[in-house]
Every structure is written in C-alpha cells, then in structure tokens.
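Following: one structure in structure tokens, then a few remarks.
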Amino acid sequence: MDIIFECSNCGQELEVDESAAGSELQCPSCSADITVPDSSSKTKSDESSAGKPAIPAPTPTPQAKEPPKKFSVPFSSEPTKELIKKPQKPLEVAAKEDERMLRVKTIRRADCKELEKDNFDQVVSEFFQQVGEEHIISSHPVTYSTVDSVSQKLVTDYGLLILYRG
Ligand SMILES: [Zn+2]
182 MDIIFECSNC GQELEVDESA AGSELQCPSC SADITVPDSS SKTKSDESSA
232 GKPAIPAPTP TPQAKEPPKK FSVPFSSEPT KELIKKPQKP LEVAAKEDER
282 MLRVKTIRRA DCKELEKDNF DQVVSEFFQQ VGEEHIISSH PVTYSTVDSV
332 SQKLVTDYGL LILYRG
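Under my numbering, the residue at position 19 of the sequence shown is numbered 200, and the numbers go up by one with no gaps.
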C-alpha cells in the first residue's frame, strides 16, 4: 500500500511505499528534504492503514451514489408519467388493438375431407382470406396421427398451425 502525501515545501503530491513511512527523502520536485509521514504509524499500520483507506473509500461512494439516485428518481418518474399519459389519449386505438388477440388456428387435413374429397388447400386458402394476409404471423406444418374414417387404420396425416391476430 502506498502513502500519498504532499511535499511540505512545494506541495508536490508524492507517492511512496508505506515501508518508507517516517523516513526522510528528497522531494523530486523541489529537492527539499522531507519526511514521509506515517499517517498510519507502523505499529498500527496493519489496522489503521487498512482501515483508513477503507473508511474514506465508502464515504465518497455513498456521496457519489446519492446524486445519481436523486437523478434516477426524476428519470424514472418521467417515463412513468408518459406511460400514464399515452394510454389515456388513444384508448380507442388500444381497444382496437386488444381486439386483435394473438390466436392459433390448427387446420387438420382430416377435418377438410368431405366425401373423399380433399378440401385442405381450399380451407387453408379461405382461412387466410378470412383473417387477412396482414394478420397472419406465421404458419407451421404439423403432423398427427388419426384413425382413417374409411379404413379404420391409424394413419399419419398433416395439417397447418397458423399463428395470427384476429
Ligand atoms: Zn517539494
């Protein structure tokens, strides 16, 4: 740990190892003979030199922290005020947005079969038209197992999972 002190003659800030505490040295700035202060005397050096820097250190820290805290309060309250104001004006818009909830539609190919006729593509196309292209978020192919109505056997079929707002 270093001892930082000012030259008693010229005021130059000097830094020496604490092992030099109490010893005389020549100021590198003004060449005056100065004595290194043992602000924390060697006998107490372990306790007070460790304690002294520790005490001043936390002291500036809260002082430095307090102003940011004071700043952070108005900073956080301003956005809050804006957040409160915003919903007040566009209530109708917000309500309309709420109507468009995130929804999922799963179209299974088996559900689109009528009298052996596969209407899957048509059903999907109609659904896209109904919801509106701009409200479709994504669509994902899905496969599932089902019992075929004709053969009564377990078959794997496919469908489409559509994520949309409506
Ligand atoms: Zn000096």
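The beta-carbon is built from N, C-alpha and C at its ideal position, and this holds for glycine as well.
For residue j and residue i, believed in contact at Cβ under 8 angstroms, the rounded distance
| i | j | result |
| --- | --- | --- |
| I317 | I343 | 7 angstroms |
| F308 | R290 | Incorrect: roughly 13 angstroms between the Cβ atoms, too far for contact. |
| I184 | A202 | 6 angstroms |
| Y348 | V323 | Given a span of 182 to 347 for the chain in the structure shown, any question on residue 348 remains unanswerable. |
| L283 | V305 | The Cβ separation is near 19 angstroms, so there is no contact. |
| L195 | C211 | The Cβ separation is near 11 angstroms, so there is no contact. |
| E187 | Q193 | 7 angstroms |
As assigned by DSSP and simplified to three states, the class of residue i
| i | result |
| --- | --- |
| Q193 | coil |
| D329 | coil |
| V312 | helix |
| D219 | coil |
| E187 | strand |
| E295 | strand |
Counterpart residues of residue i in DSSP-defined beta bridges
| i | result |
| --- | --- |
| K286 | I343 |
| V144 | Residue 144 cannot be examined here, being either before or after the span of the chain that is shown, 182 to 347. |
| Q207 | D214 |
| S320 | I343 |
| D198 | D183 |
* **Sequence-ordered residues whose beta carbon comes within less than 6 angstroms of a heavy atom of ligand 1** => C188, N190, C191, Q193, C208, S210, C211 and A213
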